[in-house]
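Participant: Structure below; questions to follow.
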Amino acid sequence: MAAVTAIAIAGLGACGSGNGSGSGGADPGSSWTDDAGQSGQDAAPQAQPDTDTVRGLRDSVRHLSKKTAKATRPHMVKKCTPATRRTKHTQHTGTGTRKKTRTWYTTEHYQDCKKVRSGTETYTRTVRPQQWCVRLDDVDGDTSQDDLWYQVTHATYDEALAMAEHTRIEFTPTGTGC
1 MAAVTAIAIA GLGACGSGNG SGSGGADPGS SWTDDAGQSG QDAAPQAQPD TDTVRGLRDS
61 VRHLSKKTAK ATRPHMVKKC TPATRRTKHT QHTGTGTRKK TRTWYTTEHY QDCKKVRSGT
121 ETYTRTVRPQ QWCVRLDDVD GDTSQDDLWY QVTHATYDEA LAMAEHTRIE FTPTGTGC
């Protein structure tokens, strides 16, 4: 009975302090920071954040426009030629010993079409798609994670562009590097 009580007390103690003092091993999910940079403690622990979402201080933003280049490729055209084929027809008549088989052939006309190369054509190929990027400092609270570039959506880029430098921002990146 004493062992069960000791395990229950240890389990309740590990769930978090919840007293708002911030001392001891407070659960990292229970702290918060607002946009003004002030921090505090919640009364109850919060769920762990998405692993896809990144948080940090807005350092700078960058827009890379779409980059294209002219290129050539074979120009393919459909070329048809008249052609014929022989078709075999068979007819059976009668039964038993009077059974006869008659066979004849007909010639069918059709168009034989193939794609063939006829010179070259010029087209515009995309070398680099359009990208919107945000550079963060203190990524996910780690002060050693500075100057990391993330590709973001156009809406997130516009939001970051309107923010002052070193303002806390949180978003889900579409890619890394820029």
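In terms of my numbering, the sequence shown is residues 1 to 178.
Where a beta carbon is used, it is the ideal one built from N, C-alpha and C, also for glycine.
Since the model is a prediction, treat every value here as computed from it, not as a measurement.
Can you tell which of A69, V61, R117 and T93 has the C-alpha that lies nearest to the C-alpha of M76?
Facilitator: In the sequence shown, the residue the question calls residue 76 occupies position 76. When each option's Cα is compared against that of M76, the closest is R117.
Participant: With the cut-off set at 7 Å, would you say T87 and H109 are in Cβ contact?
Facilitator: Start at 1 with the first residue of the sequence shown, and residue 87 comes out as number 87. Start at 1 with the first residue of the sequence shown, and residue 109 comes out as number 109. Going by C-beta atoms, T87 is not nearer than 7 Å to H109.
Participant: H166 by DSSP, collapsed to three states: which one?
Facilitator: Your numbering for residue 166 matches position 166 in the sequence shown. Residue state, collapsed to three classes: coil.
Participant: Tell me the rounded alpha-carbon separation between Q151 and G175.
Facilitator: Looking up residue 151 in the sequence shown gives position 151. Looking up residue 175 in the sequence shown gives position 175. Distance between the alpha carbons of Q151 and G175: 5 Å.
Participant: Which residues in the same chain have their Cβ closer than 7 Å to the Cβ of K99, if we skip the five residues on either side of it in sequence?
Facilitator: Reading the sequence shown from its first residue, position 99 is the one you call residue 99. Closer than 7 Å at Cβ, skipping near neighbours: H92.
Participant: If distances are taken between C-alpha atoms only, which option among A69, H89 and T97 comes closest to T106?
Facilitator: The residue you call residue 106 lines up with position 106 of the sequence shown. Among A69, H89 and T97, the Cα nearest to that of T106 belongs to H89.
Participant: According to the Cβ coordinates, are D137 and L57 closer than 7 Å?
Facilitator: Counting from 1 along the sequence shown, the entry for residue 137 is found at position 137. Counting from 1 along the sequence shown, the entry for residue 57 is found at position 57. For D137 and L57, yes; Cβs fall inside 7 Å.
Participant: Based on Cα-Cα distance, which residue from G119, T167 and C133 lies nearest to G177?
Facilitator: Walking along the sequence shown from the start, residue 177 turns up at place 177. Closest option to G177, Cα to Cα, is C133.
Participant: Output yes or no for whether 7 Å exceeds the beta carbon distance between R128 and K67.
Facilitator: Numbered from 1 along the sequence shown, position 128 holds the residue referred to as residue 128. Numbered from 1 along the sequence shown, position 67 holds the residue referred to as residue 67. Going by C-beta atoms, R128 is nearer than 7 Å to K67.
Participant: How many angstroms separate the CA atom of T123 from the CA atom of T153?
Facilitator: Position 123 of the sequence shown, counting from 1, holds the residue named residue 123. Position 153 of the sequence shown, counting from 1, holds the residue named residue 153. The identity of residue 123 in the sequence shown is Tyr, whereas the question assumes Thr. Roughly 28 Å between the two C-alpha positions.
Participant: What's the call for T167, buried or exposed, on a 16-neighbour Cβ count within 10 Å?
Facilitator: Within the sequence shown, the letter at position 167 stands for residue 167. T167 comes out exposed.
Participant: Opposite G56 in the DSSP bridges: which residues?
Facilitator: Your numbering for residue 56 matches position 56 in the sequence shown. G56 is bridged to I169.
Participant: Could you tell me the alpha carbon to alpha carbon distance between R135 and R125, rounded to whole angstroms?
Facilitator: Numbered from its first residue, the sequence shown carries residue 135 at position 135. Numbered from its first residue, the sequence shown carries residue 125 at position 125. About 29 Å.
Participant: Which partner residues does K78 have in the DSSP bridge list?
Facilitator: Position 78 of the sequence shown, counted from the start, is the residue given in the question as residue 78. BP columns for K78 point to K115.
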